[in-house]
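One structure is given here, and the rest of the page talks about it.
Numbering (our numbering), first residue to last: 84 to 180.
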């Protein structure tokens with residue numbers, strides 16, 4: 084069973100800015116979000132995935148070079164990955180989550 088991908092407004096805005104300034108990196112992250120994650124049986128078992136234990140809900144992050152994709156993983160009748168943040172590694176990635 085594949086996952087449904089939902090992208091938060093903040094993450095979508097960051098991706099739009101990234102498309103203008105860094106098109107190659109944007110393409111790499113976009114392929115990962117829209118093709119790799121939804122087609123994995125369990126995206127949390129990918130080698131670049133890490134569970135974020137400091138949060139109460141089920142948050143995971145995937146490392147893509149110097150960028151991080153952070154998502155809430157909702158397991159129910161419909162499995163959902165809600166992308167809540169895409170950020171560069173040296174930024175305060177977890178602030179405000």
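Quick reminder that beta carbons are idealized off the backbone N, C-alpha and C, glycines included.
{"Query": "Within 8 Å, strictly: CB atoms of residue 144 and residue 135", "Result": "yes"}
{"Query": "Helix, strand or coil at residue 172 [DSSP, three-state]", "Result": "coil"}
{"Query": "Cutoff 7 Å; reference residue 165; Cβ partners in own chain excluding five residues on either side", "Result": "89, 91, 154, 155 and 157"}
{"Query": "Three-state secondary structure assigned by DSSP to residue 123", "Result": "coil"}
{"Query": "Test item: CB-CB of residue 86 and residue 120 under 8 Å", "Result": "yes"}
{"Query": "Unbroken alpha helix (DSSP H) run spanning residue 93, endpoints", "Result": "92–104"}
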